[in-house]
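Chemist:
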Amino acid sequence: MSNYKKSFVKFLRSIDLFGQNILLNLNGEDQYKTGCGGLMTLIILAIVVLFFQSNIKDFVNKVNIQSESNQLFEDQPDLIYLNDTNFMFAVAIEQTNFNSNPFFNITMASRRYERQGDGSLYKDETLLDLVPCTVERFQQIFNQFGQNFTQQYNEIGLDTWLCPQMNYSFTLKGRYTNNLFDFLKITVSQCSNHSQTNSFYTWQPTCASNEAISQWLIQQRQYRVKIYITNQKISPQKGDDYVQSFLDDELFFSFIPQVVGKEVDIFFTKYLMQTDNNLLPTGSTFDTKELFAKEQGDYRDQNSFASDTYATIYLRRSPYTTYIKRSYQKLDKMLSILGGFANIVIVVLGFFVGMYNKQLYLIELANQIYDFNFGQEYQEKFERQKLVQDITYLKSQPMILSRCSPISSMNPGNNSLGKNYRMSIRQTFSQKFDYIQGAKMNKDESCKMILGNHWQPIGDKEVEWQSADAADIQNHHQIDVSDMIKESAKNYYEDQRISKDQTEQDRKKSYKEIHQKIVRKIGNHNKKEYLTKQIQAMLDRSKPIVFTIKFLLHQLFCGKFFQDQNSILLNRAIKKINSDIDICVLIDKINEIELIKELLLNKDQQILFNFAPKEVITIDNDYYQHQPPGRRENKRAFTKTLGVQFGDVAKMMLDKKFKKGQFVTPGMQIYYKLYSAYEKIQLNFDLKTWLRGQRCF
867 MSNYKKSFVK FLRSIDLFGQ NILLNLNGED QYKTGCGGLM TLIILAIVVL
917 FFQSNIKDFV NKVNIQSESN QLFEDQPDLI YLNDTNFMFA VAIEQTNFNS
967 NPFFNITMAS RRYERQGDGS LYKDETLLDL VPCTVERFQQ IFNQFGQNFT
1017 QQYNEIGLDT WLCPQMNYSF TLKGRYTNNL FDFLKITVSQ CSNHSQTNSF
1067 YTWQPTCASN EAISQWLIQQ RQYRVKIYIT NQKISPQKGD DYVQSFLDDE
1117 LFFSFIPQVV GKEVDIFFTK YLMQTDNNLL PTGSTFDTKE LFAKEQGDYR
1167 DQNSFASDTY ATIYLRRSPY TTYIKRSYQK LDKMLSILGG FANIVIVVLG
1217 FFVGMYNKQL YLIELANQIY DFNFGQEYQE KFERQKLVQD ITYLKSQPMI
1267 LSRCSPISSM NPGNNSLGKN YRMSIRQTFS QKFDYIQGAK MNKDESCKMI
1317 LGNHWQPIGD KEVEWQSADA ADIQNHHQID VSDMIKESAK NYYEDQRISK
1367 DQTEQDRKKS YKEIHQKIVR KIGNHNKKEY LTKQIQAMLD RSKPIVFTIK
1417 FLLHQLFCGK FFQDQNSILL NRAIKKINSD IDICVLIDKI NEIELIKELL
1467 LNKDQQILFN FAPKEVITID NDYYQHQPPG RRENKRAFTK TLGVQFGDVA
1517 KMMLDKKFKK GQFVTPGMQI YYKLYSAYEK IQLNFDLKTW LRGQRCF
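One gets the working numbering by counting positions in the sequence shown from 1 and adding 866 to each.
1. Checking 8 Å against the spacing of the C-beta atoms, do Ile1052 and Val1126 come in under that value?
2. Taking Cys1073 and Met954 to be in contact with their CB atoms under 8 Å, please state how far apart those CB atoms are, rounded to whole angstroms.
3. Hey, how far is the Cα of Gln961 from the Cα of Asn1097?
4. If the criterion is Cβ atoms closer than 8 Å, does the pair Asp1131 and Lys1160 meet it?
5. In the DSSP assignment, find the unbroken alpha helix (DSSP H) run with Thr907 in it and report its ends.
6. Looking at Phe1118 and Arg1090, is the spacing between their C-beta atoms short of 8 Å?
7. Mind the definition here: the stretch 921 to 935 touches the stretch 1015 to 1025 only if three or more C-beta pairs lie below 8 Å; say whether that holds.
8. In whole angstroms, what is the alpha-carbon distance linking Leu892 and Ile1440?
9. Applying the 10 Å Cβ sphere with the 16-neighbour rule, what's the burial state of Gln1225?
10. In the DSSP assignment, find the beta strand (DSSP E) that holds Leu1053 and state where it starts and stops.
11. Does Ile931 come out as helix, strand or coil in the three-state DSSP assignment?
12. Going by Cα to Cα distance, which pick from Arg981, Pro1185, Leu945, Asp1153 is closest to Thr1037?
13. With burial defined as no fewer than 16 other Cβ atoms inside 10 Å of the residue's Cβ, what is the status of Ser868: buried or exposed?
14. Among the residues of its own chain, which have a CB less than 7 Å from the CB of Ile1079, if the five just before and after it don't count?
15. Following the continuous alpha helix (DSSP H) through Asn1172, name the residue where it begins and the one where it ends.
16. Using the Cβ count rule (16 or more neighbours within 10 Å means buried), how would you classify Gly1040?
17. Between Ser933 and Gln1103, how many whole angstroms is the CB-CB distance? I'm expecting something under 8 Å.
18. Flag this pair as yes or no: are the beta carbons of Pro1442 and Phe1428 separated by less than 8 Å?
19. May I have the straight-line CA-CA distance separating Thr1175 from Pro1123, to the nearest angstrom?
20. Report yes if the C-beta distance between Tyr1108 and Ile1100 is below 8 Å; otherwise report no.
21. Between which residues of its own chain and Lys1522 is the CB-CB distance below 8 Å, once the five residues before and five after are set aside?
22. Round the Cβ separation of Thr1187 and Pro943 to the nearest angstrom and send it over; I've been treating them as touching at under 8 Å.
23. What do you reckon, are the CB atoms on Pro1147 and Phe939 nearer than 8 Å?
24. Provide the residue(s) that pair with Val997 in DSSP beta bridges, ordered along the chain.
25. So, is Glu1328 buried or exposed, given that buried needs 16 or more other C-beta atoms within 10 angstroms?
26. Which parts of the stretch 1399 to 1466 are runs of the alpha helix (DSSP H), unbroken and 4 residues or longer, counting only runs that do not cross its ends?
27. When the Cα atoms are used, what is the spatial distance from Thr900 to Tyr1137?
28. With burial defined as no fewer than 16 other Cβ atoms inside 10 Å of the residue's Cβ, what is the status of Tyr1194: buried or exposed?
29. Note the first and the last residue of the continuous beta strand (DSSP E) segment covering Glu1116.
30. Can you give the beta carbon distance from Asp1470 to Lys1554, rounded, assuming they're within the 8 Å contact cut?
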């Protein structure tokens, strides 16, 4: 690989955005997972499904809509076309019997003002007939929106009102200052039965009498003209039902003939709505529709005085146009909302689950690395030491008793015990001897008294008999002393035997009590049971930390409350783990290992030690079953670019196919160094073996 190619590959690696982190594993997994975490995952999934079940339905049914409205002023408002299919209105004078005897006359005309180049104004007027209203004409409008207007029509009594002629049409366009100005004019004037104007209209009633008109004015103090129109409420957020039709009844105006008149301008606003029907974010498909409506309060009225026209109503085009852009919720928007909600649920619930998993992870890691002492082992250790002292005391009792026996007292090594025994014998003998001497002296004195009282000369025979008697008395006293000594020794031995038996009984009783105490403490009655239990105790000696709710609460309260032995030991274990995996500590340990290698191994041995062949992976499963656990991969630089095998290099060296420094591939050079080191070590080993054999000879 050329240097340019290596540089290019290095550059590509430097800008890689999908690099993977190299992490450590625990129990063969790169993430610690628990059953509680899996359960909470299912709960989160269920919550998301339940929450978005209705959202998905709304997405399919195109319920969720985003709209943007913008109202602009137009200097020359464009055309609004009105006819009996999209607009209907009814007009009347507030009175009784309006359709048969009206107080005033009502006329309607479509007018156009055209401004000429010289500034003059051309006016064109087209009369429109007014006819009695019918429910069918209004229902034709409301049928488009699925509404039934019959009941409301009858309740209001619109059959006595006047409506435009059948198949009427007129336009609303521009403003008064524009070149073209189209509008509709409704006029209320004095009622006349013989005017030429009335001959045009289909509706030709008989005017009410002046008395009736005056009586009404006296009672009501004014007259009122009313106009009801079909209007529309446009709601861009309501999907396909964005237009709501209704009867607008806010237009009614008061006047008094020849006193106060009324002029009213009613404005109709135009709506241009563009709807994007595409649900995918790939493109837009707009559907444009024109609408019109009279906004609430969008009219202007003013008074006129002493005019022949009692009331004049103008229907005009509003100079404002509302532009609406709306689109249905797209797929990417729905997925983003779904992801946001899922993230919120995961963050809220995941905070607790993450804390739970983290604590379990730390507990398991600490239990696998360390053993823990919960404090009660100190009491158990003290009790075991007490039992050992009791057993040692029982074992020492026979030795003490043997040292205190008469036979052992004769042993020179037991001087203190023998001395005590001799002192007791000497004291007993001294007491007996004093008693015998006292008895002898008493006898001598009694003999002297007898001889003194009955003294008379005696012969040699008498002297012999006296000597014999004295010798006999002395022998008798010696026999008594010997018997007393024997009896004293016998009594002493008897006392010692009784004391020894009593001590033996007390020792057996004490041994039995301590044995029962040991049995109660240990719970074993024979050696086999004791050995089995001790082995089990060795296996169960490690007491792991157990997760509890109290421990979780301790973590939730930042370690301020609910502290117990588990939390204390785990915190110490965490500190120990963090100190053990510190990068400085790891580097120091690696340096220590390298130092040990340099101290224990020579250069050639280090070359062989650093060689780590790759582990072979095969398809055969039996191969792995018979293979022992191999070394972990290390020093991979020695085997990454190997082109030949070790035996091939050795054979080439033996055949002298190449000289030192002349290699085909870098792998061959590595194997050359490896084989050279192996050869030196083998020669050194053979030399030591030969020298050892020479010493033997």
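In this text, a Cβ means the ideal position worked out from N, Cα and C, and glycines have one as well.
Modeler: Reading it off the structure:
1. Their beta carbons are not under 8 Å apart, which means Ile1052 does not touch Val1126 by this criterion.
2. No, Cys1073 and Met954 are not in contact; Cβ-Cβ is about 27 Å, not under 8 Å.
3. 25 Å
4. Inclusion of Asp1131 and Lys1160 in the CB contact set at 8 Å is not warranted, their separation being larger than that value.
5. 901 to 926
6. yes
7. no
8. Cα to Cα, Leu892 sits roughly 16 Å from Ile1440.
9. Counting of Cβ neighbours within 10 angstroms places Gln1225 among the buried residues, the total reaching 16 or more.
10. Going by the sequence as given, residue 1053 is Thr instead of Leu. 1046 to 1056 is the span of the beta strand (DSSP E), which, as asked, contains Thr1053.
11. strand
12. Leu945
13. exposed
14. Phe969
15. It should be noted that the sequence gives Ala, not Asn, for residue 1172. Segment: none, Ala1172 is in no alpha helix (DSSP H) and carries neither H nor E.
16. buried
17. Between Ser933 and Gln1103 the beta-carbon gap is near 6 Å, inside 8 Å, which marks them as a contact.
18. The sequence as given places Lys at residue 1442; Pro does not occur at that position. By the CB criterion at 8 Å, Lys1442 and Phe1428 fall outside the cutoff.
19. 8 Å
20. yes
21. Confidence at Lys1522 is low in this model, with a pLDDT of 48, below 50, so its placement is unreliable and the value that follows should be read with caution. None.
22. 7 Å
23. no
24. Cys1029
25. Because the pLDDT of Glu1328 is 44, which lies under 50, any placement of that residue in the model is unreliable, and the question is left without a value.
26. 1415 to 1422, 1431 to 1446, 1449 to 1466
27. Straight-line Cα distance between these residues: approximately 59 Å.
28. buried
29. Glu1116 -> beta strand (DSSP E) spans 1109 to 1121.
30. Cβ atoms of Asp1470 and Lys1554 stay farther apart than 8 Å, at about 14 Å.
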